[in-house]
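Just below is one structure, and these are the notes that go with it.
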Amino acid sequence: MFSFVLLVVVIYAAVTIIFYTLRNGISPMPTGGRVNRVVLDVLHEINPTGRIVELGSGWGTLALRIGKRLPQCSVVGYENSPVPYVVSKLLRVVMSVPSVVFTRADFYAVSLSDFDVAVCYLYPGAMEKLREKFVSELRPGTLVMSHTFAVPGWEPERVVEVSDLYRTKVYVYRV
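All residue numbers for the sequence shown refer to numbering that gives the first Met the number 0, where the first residue is 0 and numbers rise by one.
Here's what the structure looks like:
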């Protein structure tokens with residue numbers, strides 16, 4: 000009986016991940032270790048004190064690392080895919096990071112006006128859509144960080160090239 004239940008859970012998880020991957024246009028992909036360190040180092044240099052949002056927080060690993068590194072900030076991770084969302088909630092408990100909250104939501108449908116920093120690792124089409132949302136909702140001076148994919152048409156304040164296999168770029172913008 001246990002084997003059957005486990006099989007059903009695994010099949011449900013796989014089908015759900017595939018469905019949301021097709022729906023969102025991107026699979027839940029964790030940020031690599033070196034890229035994580037660069038994002039955390041840049042945030043640490045800037046030393047924000049307010050609210051940070053991760054758009055498409057996936058498995059929650061980057062948001063949790065941000066929460067650990069910057070405990071003075073409150074971090075909100077938005078993820079609409081249920082399996083990574085549940086995993087991120089469990090990791091939050093295991094890692095004991097009270098400053099991080101995960102919300103299952105479509106980040107295009109929530110207001111970003113209360114955040115001081117927005118962090119994302121998405122894909123070019125999403126960055127195109129987010130550009131308009133950033134302009135209309137983020138306050139002047141809000142920091143936007145994206146790695147791998149730039150915000151189309153925006154000039155970054157800073158670009159950090161990561162010393163990884165792909166020479167990943169971390170883009171830093173101010174609204």
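Backbone N, C-alpha and C define an ideal beta-carbon position, used for all residues, glycine too.
Keep in mind that this is a model prediction, so the values were computed, not measured.
Check                                                                                                                                                        : Outcome
With a CB to CB cut of under 6 Å and the five nearest residues on each side skipped, what residues in its chain are close to Met144?                         : Val118 and Val171
Could you pull out every residue in the same chain whose Cβ sits closer than 7 Å to the Cβ of Gly152, ignoring the five residues on either side in sequence? : Arg130
Can you list, in chain order, the residues of its chain whose CB lies under 6 Å from that of Val116, leaving out five sequence neighbours each side?         : Pro47, Ile51 and Leu142
Compare the C-alpha of Ser87 against each of Val109, Thr30, Trp58 and Ala62 and name the closest.                                                            : Trp58
Select from Pro139, Leu121, Ala125 and Leu5 the residue whose C-alpha is nearest the C-alpha of Val169.                                                      : Leu121
Taking the straight line between their C-alpha atoms, what separation do you get for Ala149 and Pro155?                                                      : 8 Å
State the start and end residues of the unbroken beta strand (DSSP E) segment that holds Phe114.                                                             : Looking at the DSSP string, Phe114 is not in any beta strand (DSSP E), and its letter there is neither H nor E.
Between the C-alpha atoms of Val74 and Ala104, what's the straight-line distance to the nearest angstrom?                                                    : 15 Å
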